[in-house]
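Residue 314 in the numbering used here is what sits at position 137 of the sequence shown, and the numbering runs on without skipping anything.
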Amino acid sequence: MGAPSDIAAGAAGETVGDVVHARIRSDILFGQLAPGERLRLDEASRRYGVSIGTMRELLNRLASEGLVVAEAQRGFEVAPASATEFREIAALRLLLEGHALTLSFAAGDLDWEARVVAAHHKLAVTENRMLTATDADPTLVRQCDRAFHQALTSACGSRVLMETLGSIHDRYLRYLSLAAIFRGDRSIREHADLLACALARDAERAARILKVHIDSCLDYALADGPPAWASGFDAADPASPARDVPARPKPARTTRRR
């Protein structure tokens with residue numbers, strides 16, 4: 178499976194270190210490197226084709242992004258995942274993206290509309306393939322999902338906001354990958370509604386839809402109790418889903434075609 182084009186692919190002018198950093202980052206975000214997995218410098222340097230010194234620098238860089246943990250005497254490991262962190266990241270994404278949508282909807286021009294429509298078309302095609310199990314690729318769906326939300330906010334006019342939101346969205350994306358979340362028709366409808374809001378410049382309704390969109394993903398991932406990927410699940414936290422919530426059927430995971 179190819180690297181995500183907006184996360185892992187090297188752009189003109191990037192160093193080898195930049196490209197390898199993006200590859201490792203992509204492997205973490207899309208679950209190829211599991212939460213808590215040890216990252217031994219010698220093994221990682223062979224796997225990604227760089228020197229041990231370069232690998233140490235890259236892992237320290239990823240640690241500053243919250244994706245890797247550096248521990249004295251223990252080296253590096255992939256950052257753990259928890260239900261608490263998922264909720265925190267989701268709340269921050271909602272706050273930042275809601276603000277960015279308001280700014281973007283007010284400033285967006287015809288070119289912005291075209292970007293949004295094009296991004297939604299790609300997302301709709303990939304989501305429908307998932308729904309019908311026709312040439313389905315969950316990773317591609319998540320790439321297109323991220324690209325659509327990025328297009329929606331791309332006219333906000335703030336580089337710092339876009340960079341910060343992008344970082345949070347990537348960490349949110351990691352949880353979607355770990356939980357193998359795809360909500361089928363509901364997700365497709367919500368994305369179509371967000372497109373309609375963008376074209377109508379209805380930021381208030383878009384913010385409401387976004388909240389439902391994010392909250393339902395959290396519920397889907399956490400309502401059945403502690404997920405297998407979670408390193409901690411605080412039952413005393415009032416925001417934690419109740420342990421006695423009956424398990425509800427989820428769509429079968431689609432086998433990824435290569």
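Backbone N, C-alpha and C define an ideal beta-carbon position, used for all residues, glycine too.
C-beta atoms of A247 and F253 nearer than 7 Å = Numbered from its first residue, the sequence shown carries residue 247 at position 70. Numbered from its first residue, the sequence shown carries residue 253 at position 76. Yes, they are a contact pair.
Residue from G230, A356, T311, A283 with nearest C-alpha to C333 = Residue mapping note: residue 333 aligns to position 156 of the sequence shown, counting from 1. Residue A283 is the option with its Cα nearest to C333.
Sufficient close CB pairs (3 or more, under 8 Å) joining the region 294-312 to the region 321-337 = yes
Based on the DSSP secondary-structure assignment, which residues constitute the bridge partners of L216?
-> Residue numbering aside, residue 216 sits at position 39 when the sequence shown is read from its first letter. Its beta-bridge partners are F253.
R215 versus V255 - alpha carbon distance = Here residue 215 is taken as the residue at index 38 of the sequence shown, counted from 1. Here residue 255 is taken as the residue at index 78 of the sequence shown, counted from 1. Taking the straight line joining both Cα atoms gives about 7 Å.
Candidates D347, Q250, R378: which alpha carbon is nearest R270's?
-> Counting from one through the sequence shown, the residue named residue 270 turns up at place 93. Per the Cα distances, D347.
At a cut of 8 Å, does the region 340-357 reach the region 390-398 through at least three beta carbon pairs?
-> The region 340-357, when compared against the region 390-398, does touch it at the 8 Å Cβ threshold.
Mind checking T309: buried by the 16 CB within 10 Å criterion, or exposed?
-> On the sequence shown, residue 309 is found 132 positions in, with the first residue counted as 1. Under this definition T309 is an exposed residue.
Just the C-alpha distance for G275 and W289, rounded to the nearest angstrom, thanks.
-> To locate residue 275, count along the sequence shown from 1; it is residue 98. To locate residue 289, count along the sequence shown from 1; it is residue 112. G275 and W289: Cα-Cα distance of roughly 17 Å.
Find the nearest neighbour of L210 within the set L272, P257, H368, judged by alpha-carbon distance.
-> What you label residue 210 is simply residue 33 of the sequence shown in a count that begins at 1. Among L272, P257, H368, the Cα nearest to that of L210 is on P257.
Check A247 in the structure and name its three-state DSSP category.
-> Within the sequence shown, numbered from 1, the residue matching residue 247 stands at position 70. Reduced to three states, the DSSP call for A247 is strand.
Spatial neighbours of G285 in its chain, beta-carbon cut-off 6 Å, leaving aside the 5 residues before and after | The count along the sequence shown starts at 1 and reaches residue 285 at position 108. Closer than 6 Å at Cβ, skipping near neighbours: A332.
Rank E265, L273, A267, A199 by C-alpha distance to the C-alpha of R238 and give the top, closest one.
-> For the purposes of this step, residue 238 is identified with residue 61 of the sequence shown, where counting begins at 1. Measuring from the Cα of R238, the nearest candidate turns out to be A199.
Where R224 and A277 are concerned, what is the direct C-alpha to C-alpha distance, given to the nearest angstrom?
-> Locating residue 224 in the sequence shown gives position 47, counting from the first residue. Locating residue 277 in the sequence shown gives position 100, counting from the first residue. The alpha-carbon atoms of R224 and A277 are separated by roughly 38 Å.
Taking the alpha helix (DSSP H) that I358 falls in, what are its first and last residues?
-> For this step, residue 358 is matched to residue 181 along the sequence shown. Taken as a continuous stretch (DSSP letters only), I358 belongs to no alpha helix (DSSP H), as it is neither H nor E.
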